[in-house]
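In what follows, a structure is listed as structure tokens, so that the remarks can point back to it.
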Amino acid sequence: MLLSKPLPFASKKNLILGALPDKELEHLSSYLEPITLARGKILYAAGDTVPYGYFLLTGMVSLLSVTEDGRATEVGMVGNEGMAGLPVILGFSTTPYEVVVQLQCSAMRIKAEKLKAEFNQGEQLHRLLLRYTYTLLAQISQSASCNIFHTVKQRLCRWLLIGSDRVHSDTLSLTQEFLSQMIGTPRTSVTMIARSLQKEGLINYTRGTIQILDRTGLEAAACECYGIVNESITRYIIAA
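Structure (structure tokens):
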């Protein structure tokens, strides 16, 4: 759903846009459209042409690797630290992965041709998007290691913490089926771990909703991947 035309300061909820010089952001804002993205919306399927780039302000989208038989696993996440549609700035018109909204988003979208032109011309935008590309590649690499070496409990805790960070809330609207897909494990395992976390007083789980009760405890139960990804965002985006 498209919203009214944004003022430049509204875009600053996105860390990349917020780091742009005022003059560069004001220029770029003439090409940005504010939009709300509902949970479950597929922005692009694997192999699709990328019509827009999306600078997220709130919420989260997931990058999914999908097999021929329809099974999917999450390989990366994008929140307000970044942008969906990176293949465009790398010179490609299509995406190798599915991009789906996992937690309702507000975003600024820009047509692909404008994004490519502004990337090639804008000094700070060019620099920040390259730095973000690096952080996303690092995240994808970390996710591959995480899925092999860390327990279901550690991965679930990591995902809940990242999801909470992206929506700026300790309450998440999630189903066990959704979580099982995101961390690549059977639903029965997610149910068992969620019950365990609830008994430990770390979360409260009701049908379709998870509330984080003890964030410090949840961080202790998560794998180191949560801290590594956050440190990368801080170093290459926030401190840029």
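If you count the sequence shown from 1, you need to add 93 to reach this note's numbering.
Where a beta carbon is used, it is the ideal one built from N, C-alpha and C, also for glycine.
Span separating the alpha-carbon of residue i from that of residue j
i: V192; j: L306; result: 30 Å
i: Y145; j: D162; result: 28 Å
i: I326; j: E117; result: 22 Å
i: Q247; j: C316; result: 5 Å
i: Y124; j: E206; result: 11 Å
i: K105; j: A112; result: 8 Å
i: V171; j: G215; result: 22 Å
i: Q269; j: E167; result: 15 Å
i: A332; j: T151; result: 20 Å
i: T228; j: I296; result: 29 Å
i: G140; j: S158; result: 11 Å
i: C318; j: Q197; result: 24 Å
i: Y190; j: Q232; result: 15 Å
Host beta strand (DSSP E) of residue i (start-end)
i: L136; result: 135–137
i: N240; result: It is not in any beta strand (DSSP E) - N240 instead sits in the alpha helix (DSSP H) that spans 216–242.
i: L272; result: Careful: L272 lies outside any beta strand (DSSP E), inside the alpha helix (DSSP H) at 269–276.
Exposure label - residue i; buried when at least 16 CB within 10 Å
i: N173; result: buried
i: I330; result: buried
i: I109; result: buried
i: A131; result: exposed
Bridge-paired residues (DSSP) for residue i
i: M201; result: P127, F148
i: S317; result: One point to set straight first is that residue 317 is Glu, not Ser, in the sequence displayed. According to DSSP, which records beta bridges pairwise, E317 is partnered with nothing at all.
i: L156; result: G169, V192
i: L265; result: I303
Enclosing alpha helix (DSSP H) for residue i [first to last residue]
i: I286; result: 280–292
i: I109; result: 108–111
i: R251; result: 245–260
i: L179; result: Segment: none, L179 is in no alpha helix (DSSP H) and carries neither H nor E.
Residue-chain proximity (residue i, chain C), Cβ-Cβ < 9 Å
i: K116; result: Although the question refers to chain C, the structure presented lacks it and comprises just one protein chain.
(message) I'd like to know if the segment 301–316 and the segment 244–258 are in contact, where contact means that at least 3 CB-CB pairs between them fall below 8 Å.
(response) yes
(request) Inspect the CB distances between the segment 235–243 and the segment 176–192 and report whether three or more fall short of 8 Å. (result) When C-beta atoms of the segment 235–243 are compared with those of the segment 176–192, fewer than three pairs fall below 8 Å, so the two segments do not count as touching.
(message) Three or more C-beta pairs under 8 Å: does that hold for the segment 274–293 against the segment 257–266?
(response) no
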